[in-house]
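Undergrad: Numbering (our numbering), first residue to last: 4 to 289.
Got a structure for you, questions after.
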């Protein structure tokens, strides 16, 4: 956060951790191991999903930031977001719109595990591309993935398994609590990030929107033939993991310009995927 931020950085960090914990706990409470195994029974679909989220989207981002000739910091921020898979908020939005829950959760869990190995390698490649000094170790990522996503996911799954009736009764209250936490986090973040986001040039904003749209499109194509899996993969590809990108940026003392590009990507991508979900929702309902 900038030095003149209205909200202290630690407040935003705590709210973000609480929000991710609540999101993953809620997803864990809907987690069914049988549906996870069923999702992996179609290995072709899961392999396409991994290719799309871990390879295709980052390559598209590199191509687009070079095509739009963005400033160096903006290029690094956009590509770093493209390298960070598995956005829990996007997954929740997709599931609530009717996407395949089993496939979406299976993909999220797989991406959390895969990012521990793939992101350090990708950051090393990014470092070579921009001649910087970026580095992040698998241990650092594993700690973030385990504490921030793995533990609450397992707790939610455990609660569903050992106390199914209690979890069924608490489902409405849990959903409402997650909505309140996310709304509060969004209000706090926007109070401080509107300035760097609004200061992003038109060229940067168009490049980010194009990257998000390209991710949506390739995810939609590769996620078929099922309508519900198309939507889940499109959302996983179009929206990226802002928390993971900011973690890498923080560990590498990234500049304000890089952080601003990451936050701009978060806001613009959220706007881009909203019409897509509105278009998909009635089709999934049928």
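Every residue gets a Cβ at the ideal spot worked out from N, C-alpha and C, and that includes glycine.
These numbers come from a predicted model, not from an experiment.
Less than 9 Å separating the beta-carbons of residue 290 and residue 67?
TA: Any property of residue 290 remains undetermined from this structure, which presents the chain solely from 4 to 289.
Undergrad: List the whole-angstrom C-beta distance separating residue 95 from residue 280, where the pair is believed to meet the contact cut-off of C-beta under 8 Å.
TA: Contact flag wrong, Cβ pair sits at about 11 Å.
Undergrad: Quick one, are the C-beta atoms of residue 248 and residue 86 less than 9 Å apart?
TA: Between residue 248 and residue 86, the gap from beta carbon to beta carbon is short of 9 Å.
Undergrad: Using a Cβ distance threshold of 8 Å, determine whether the region 45-54 contacts the region 74-86, with at least three qualifying pairs required.
TA: With a cut-off of 8 Å, the region 74-86 and the region 45-54 do not count as touching, because too few Cβ pairs lie within range.
Undergrad: Along the chain, where does the alpha helix (DSSP H) that runs through residue 75 open and close?
TA: 75-86
Undergrad: Check residue 255 in the structure and name its three-state DSSP category.
TA: coil
Undergrad: Can you find the residues in the same chain that come closer than 7 Å, C-beta to C-beta, to residue 223, ignoring five residues on each side of it along the sequence?
TA: 233, 237
Undergrad: Can you check whether the CB of residue 221 is closer than 9 Å to the CB of residue 60?
TA: yes
Undergrad: Could you round the C-beta distance between residue 30 and residue 153 to whole angstroms and report it? I think they count as a contact, below 8 Å.
TA: The Cβ separation is near 12 Å, so there is no contact.
Undergrad: Do residue 64 and residue 92 have their C-beta atoms closer together than 9 Å?
TA: no
Undergrad: At which residues does the alpha helix (DSSP H) containing residue 165 begin and terminate?
TA: Where residue 165 is concerned, the enclosing alpha helix (DSSP H) stretches over 154-165.
Undergrad: Please report the residue range of the alpha helix (DSSP H) in which residue 44 lies.
TA: 36-44
Undergrad: Label residue 244 either buried or exposed according to how many other C-beta atoms from any shown protein chain fall within 10 Å of its C-beta, with 16 as the threshold for buried.
TA: Answer is buried; the Cβ neighbour count reaches 16.
Undergrad: Do you know how far the Cα of residue 189 is from the Cα of residue 215?
TA: 20 Å
Undergrad: By how many angstroms is the C-alpha of residue 23 removed from the C-alpha of residue 17?
TA: 10 Å
Undergrad: In terms of residues, what are the limits of the alpha helix (DSSP H) holding residue 103?
TA: Residue 103 -> no alpha helix (DSSP H), and no H or E assigned at all.
Undergrad: Around the Cβ of residue 278, are there at least 16 other Cβ atoms within 10 angstroms (buried) or fewer (exposed)?
TA: exposed
Undergrad: With a Cβ-Cβ cutoff of 9 Å, do residue 157 and residue 32 count as a contact?
TA: no
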